[in-house]
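A.B. asks: Going by this note's numbering, the letters in the sequence shown line up with residues 7 to 208, in that order. Where is the CB? At the ideal position from N, CA and C, for every residue including glycine. The structure presented is a predicted model; accordingly, all values stated were derived computationally and were not measured. Attaching a single structure in structure tokens format; questions to follow.
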Amino acid sequence: VWVTEKIHGTNFRCGWVPAVPSTLFKKLLKLIGLLPKWEFVYGSHNVQLQDKWTYSGYVAEDVYAKAVQAYGLRELLKPGEVVYGEIYGTGLQKDYTYGCKDGETKLVLFDVKLNDMYVDCHEFFSFCAMRELPTVPVIYQGPFNLEYIKGLNKGDSVLEPTQKVREGVVVKPSQEAVCFIGRKILKFVSDTYLLKEPTDFH
């Protein structure tokens, strides 16, 4: 398994996905054969945004669009590539700035989908290294040991040691796998975090 630090910020995803004729205008474009095959989307679990087709900028000056711009993701990613991560910094989660200055936010990635399939851990880190994209810190790589791994959610953040409470850890098999409830992935949230006014519903 691979164990990475769980960073406490706001969920993020973006990438080039097959264009869906979800509006009357797009349906008209599809009808006349002008609907592009791919469209660039970004946001989070519950937010999906995309560029205005007649405008080269972004829909709004939001935290997701800022991450897309700051890391050049619209240009860096190719059709069928979608990245998932966490935006962290000031103004996002109480007491969890990870050393960011006032008004500063940063991004770390934790997953990649290629043509709607999650890639294995080693392929994910190779993908990000080739594109010089930041990733969540790897804390452990080896055989699954429940008690040992549960102990890894204690201590300072590995991403930024001045952040004195680690939110937790995420555990993935070396090779992507699914079971009867879906994708195989575990999250262990730190007791220290839970006792310190957690800002998510854990």
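Where do the ends of the alpha helix (DSSP H) carrying F31 lie?
C.D. replies: Start and end: L30 to L37.
A.B. asks: If you follow the alpha helix (DSSP H) that I155 is part of, which residue opens it and which one closes it?
C.D. replies: Its alpha helix (DSSP H) spans residues L152 to G157.
A.B. asks: Between which two residues does the alpha helix (DSSP H) carrying E81 extend?
C.D. replies: Run containing E81: L79 to L82, per the alpha helix (DSSP H) assignment.
A.B. asks: Among all the DSSP beta bridges, which residues are the ones paired with I93?
C.D. replies: I93 pairs with T16 and L113.
A.B. asks: For H128, which residues of its own chain have a beta-carbon under 8 Å away from its beta-carbon, when the five flanking residues on both sides are left out?
C.D. replies: Result list for H128: S180, in chain order.
A.B. asks: Does DSSP put E166 in a helix, in a strand, or in coil?
C.D. replies: It is coil, neither helix nor strand.
A.B. asks: For R137, I'd like the list of residues in its chain whose CB is within less than 7 Å of its CB, leaving aside the five on either flank, ordered along the chain.
C.D. replies: Excluding sequence neighbours, R137 sits near L82.
A.B. asks: Starting from V26, trace the alpha helix (DSSP H) in both directions and tell me its first and last residue.
C.D. replies: Careful: V26 lies outside any alpha helix (DSSP H) and carries neither H nor E.
A.B. asks: With a CB to CB cut of under 6 Å and the five nearest residues on each side skipped, what residues in its chain are close to K33?
C.D. replies: Counting only Cβ-Cβ distances below 6 Å, and skipping sequence neighbours, we find P27.
A.B. asks: Among the residues of its own chain, which have a CB less than 7 Å from the CB of W2, if the five just before and after it don't count?
C.D. replies: Given that the chain is displayed from residue 7 to residue 208, the structure contains no residue 2 and the question cannot be resolved.
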